[in-house]
(Lines of atoms letter the chains of each structure in order from A and count residues from 1; the text may use other names and numbers.)
(Lines give C-alpha, C1' and ligand atoms only; values in the text may rest on other atoms or scores of the structure.)
Protein backbone atom coordinates (compact mmCIF):
# COMPACT_ATOMS: atom_id res chain seq x y z
CA UNK A 1 0.00 0.00 0.00
CA UNK A 2 1.28 3.44 -0.84
CA UNK A 3 1.89 5.92 1.94
CA UNK A 4 -1.07 8.18 2.53
CA UNK A 5 -3.50 5.97 0.60
CA UNK A 6 -7.06 6.15 1.90
CA UNK A 7 -10.26 4.32 1.13
CA UNK A 8 -13.27 5.48 -0.86
CA UNK A 9 -16.32 4.01 0.86
CA UNK A 10 -19.96 3.55 -0.14
CA UNK A 11 -22.39 2.92 2.73
CA UNK A 12 -25.79 1.45 1.83
CA UNK A 13 -28.77 1.15 4.19
CA UNK A 14 -32.49 1.77 3.75
CA UNK A 15 -32.82 2.94 7.37
CA UNK A 16 -31.70 6.59 7.31
CA UNK A 17 -30.70 6.89 11.02
CA UNK A 18 -28.52 3.76 10.80
CA UNK A 19 -27.02 5.00 7.52
CA UNK A 20 -26.18 8.41 9.01
CA UNK A 21 -24.63 6.81 12.12
CA UNK A 22 -22.46 4.56 9.96
CA UNK A 23 -21.56 7.51 7.75
CA UNK A 24 -20.38 9.53 10.75
CA UNK A 25 -18.21 6.64 11.97
CA UNK A 26 -16.68 6.21 8.52
CA UNK A 27 -16.07 9.94 8.05
CA UNK A 28 -14.33 10.03 11.42
CA UNK A 29 -11.82 7.38 10.40
CA UNK A 30 -8.31 8.38 9.38
CA UNK A 31 -8.39 5.46 6.91
CA UNK A 32 -11.22 6.97 4.84
CA UNK A 33 -10.82 9.58 2.11
CA UNK A 34 -14.43 9.84 0.99
CA UNK A 35 -17.82 8.47 2.08
CA UNK A 36 -20.91 8.32 -0.10
CA UNK A 37 -24.27 7.37 1.46
CA UNK A 38 -26.97 5.49 -0.47
CA UNK A 39 -30.52 4.95 0.84
CA UNK A 40 -30.90 1.54 -0.78
CA UNK A 41 -29.95 -0.70 -3.67
CA UNK A 42 -31.10 1.48 -6.58
CA UNK A 43 -29.30 4.56 -5.23
CA UNK A 44 -26.19 2.42 -4.57
CA UNK A 45 -26.20 1.22 -8.19
CA UNK A 46 -26.35 4.83 -9.40
CA UNK A 47 -23.41 5.76 -7.15
CA UNK A 48 -21.43 2.74 -8.37
CA UNK A 49 -22.08 3.68 -12.01
CA UNK A 50 -20.68 7.16 -11.35
CA UNK A 51 -17.65 6.33 -9.22
CA UNK A 52 -15.30 3.59 -8.04
CA UNK A 53 -15.20 2.53 -4.40
CA UNK A 54 -12.69 0.47 -2.47
CA UNK A 55 -15.22 -0.81 0.07
CA UNK A 56 -19.01 -1.06 0.27
CA UNK A 57 -20.66 -1.31 3.69
CA UNK A 58 -23.93 -3.01 2.79
CA UNK A 59 -27.10 -3.64 4.79
CA UNK A 60 -28.33 -7.19 4.20
CA UNK A 61 -32.10 -6.63 4.40
CA UNK A 62 -33.44 -3.85 2.16
CA UNK A 63 -36.51 -3.47 -0.07
CA UNK A 64 -36.25 -3.56 -3.87
CA UNK A 65 -32.65 -4.81 -4.08
CA UNK A 66 -31.41 -6.52 -0.92
CA UNK A 67 -27.79 -6.58 0.14
CA UNK A 68 -27.11 -10.12 -1.08
CA UNK A 69 -28.55 -9.36 -4.51
CA UNK A 70 -26.53 -6.15 -4.73
CA UNK A 71 -23.38 -8.02 -3.64
CA UNK A 72 -23.97 -10.58 -6.42
CA UNK A 73 -24.17 -7.72 -8.94
CA UNK A 74 -20.97 -6.19 -7.54
CA UNK A 75 -19.16 -9.50 -7.93
CA UNK A 76 -19.53 -9.12 -11.72
CA UNK A 77 -17.63 -5.81 -11.82
CA UNK A 78 -14.16 -5.90 -13.36
CA UNK A 79 -12.79 -4.49 -10.09
CA UNK A 80 -15.44 -5.27 -7.48
CA UNK A 81 -15.18 -3.35 -4.23
CA UNK A 82 -14.53 -5.17 -0.98
CA UNK A 83 -17.73 -5.98 0.91
CA UNK A 84 -18.62 -5.46 4.54
CA UNK A 85 -22.13 -6.57 5.42
CA UNK A 86 -24.07 -4.74 8.12
CA UNK A 87 -27.25 -6.06 9.71
CA UNK A 88 -29.39 -6.10 12.81
CA UNK A 89 -30.05 -9.80 12.14
CA UNK A 90 -27.59 -12.60 12.80
CA UNK A 91 -29.16 -14.89 10.20
CA UNK A 92 -28.07 -12.56 7.39
CA UNK A 93 -24.49 -13.71 7.93
CA UNK A 94 -25.35 -17.17 6.63
CA UNK A 95 -26.35 -15.86 3.21
CA UNK A 96 -23.42 -13.47 3.10
CA UNK A 97 -20.86 -16.20 3.63
CA UNK A 98 -22.59 -19.16 1.92
CA UNK A 99 -23.22 -17.43 -1.41
CA UNK A 100 -19.52 -17.20 -2.32
CA UNK A 101 -19.57 -13.41 -1.91
CA UNK A 102 -16.30 -13.28 0.07
CA UNK A 103 -17.16 -10.42 2.44
CA UNK A 104 -14.33 -8.98 4.51
CA UNK A 105 -16.51 -8.66 7.58
CA UNK A 106 -20.03 -8.77 9.00
CA UNK A 107 -21.03 -6.04 11.45
CA UNK A 108 -24.02 -6.21 13.77
CA UNK A 109 -26.14 -3.07 14.27
CA UNK A 110 -25.76 -0.83 16.06
CA UNK A 111 -22.21 -0.67 14.74
CA UNK A 112 -19.39 0.55 16.95
CA UNK A 113 -16.38 2.66 16.02
CA UNK A 114 -14.09 -0.25 16.97
CA UNK A 115 -15.82 -2.72 14.64
CA UNK A 116 -15.87 -0.20 11.79
CA UNK A 117 -12.13 0.40 12.26
CA UNK A 118 -11.51 -3.38 12.28
CA UNK A 119 -13.40 -3.74 8.99
CA UNK A 120 -11.47 -0.85 7.46
CA UNK A 121 -8.18 -2.42 8.60
CA UNK A 122 -9.22 -5.63 6.84
CA UNK A 123 -9.92 -3.63 3.69
CA UNK A 124 -6.41 -2.19 3.79
CA UNK A 125 -4.94 -5.65 4.34
CA UNK A 126 -7.04 -7.18 1.54
CA UNK A 127 -4.77 -7.81 -1.46
CA UNK A 128 -7.57 -7.23 -3.97
CA UNK A 129 -8.41 -3.88 -2.38
CA UNK A 130 -4.75 -2.89 -2.59
CA UNK A 131 -4.74 -3.69 -6.29
CA UNK A 132 -7.94 -1.67 -6.81
CA UNK A 133 -6.34 1.33 -5.13
CA UNK A 134 -3.36 0.90 -7.44
CA UNK A 135 -5.65 0.63 -10.47
CA UNK A 136 -3.60 -2.16 -12.03
CA UNK A 137 -5.75 -5.29 -11.85
CA UNK A 138 -8.16 -4.63 -14.71
CA UNK A 139 -5.42 -3.66 -17.14
CA UNK A 140 -3.31 -6.68 -16.19
CA UNK A 141 -6.24 -9.02 -16.81
CA UNK A 142 -7.26 -7.37 -20.09
CA UNK A 143 -10.55 -5.99 -18.77
CA UNK A 144 -12.09 -2.58 -18.49
CA UNK A 145 -15.11 -1.41 -16.55
CA UNK A 146 -18.02 -0.35 -18.71
CA UNK A 147 -20.43 2.48 -17.88
CA UNK A 148 -22.57 0.12 -15.83
CA UNK A 149 -19.50 -1.20 -13.97
CA UNK A 150 -19.82 -4.59 -15.63
CA UNK A 151 -16.78 -6.36 -17.05
CA UNK A 152 -15.89 -5.81 -20.70
CA UNK A 153 -13.04 -7.87 -22.13
CA UNK A 154 -10.49 -6.07 -24.24
CA UNK A 155 -10.19 -7.81 -27.59
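Residue numbers (my numbering): 6 to 160.
Note that the Cβ used here is the ideal one computed from N, Cα and C, for glycine as well.
Residue i versus residue j - alpha carbon distance
i	j	result
residue 170	residue 89	Because the chain spans 6 through 160 in this model, residue 170 falls outside it and cannot be assessed.
residue 130	residue 69	32 Å
residue 95	residue 67	15 Å
residue 79	residue 53	9 Å
residue 38	residue 122	14 Å
residue 93	residue 119	17 Å
residue 113	residue 47	23 Å
residue 20	residue 56	23 Å
residue 30	residue 58	17 Å
Contact under 8 Å by Cβ, residue i with residue j
i	j	result
residue 73	residue 91	no
residue 15	residue 61	yes
residue 128	residue 12	yes
Neighbour-count burial assignment, residue i, 16 or more Cβ in a 10 Å radius
i	result
residue 86	buried
residue 83	buried
residue 10	exposed
Other residues of its chain near residue i: CB distance less than 7 Å, five sequence neighbours each side excluded
i	result
residue 49	15, 17, 43, 75
residue 32	40
residue 23	114
Boundaries (first-last residue) of the beta strand (DSSP E) holding residue i
i	result
residue 121	Residue 121 -> not in any beta strand (DSSP E); alpha helix (DSSP H) instead, spanning 118-130.
residue 96	Here residue 96 belongs to no beta strand (DSSP E), and DSSP marks it neither H nor E.
Opening and closing residue of the alpha helix (DSSP H) in which residue i lies
i	result
residue 26	21-32
residue 38	Careful: residue 38 lies outside any alpha helix (DSSP H), inside the beta strand (DSSP E) at 37-43.
residue 53	46-55
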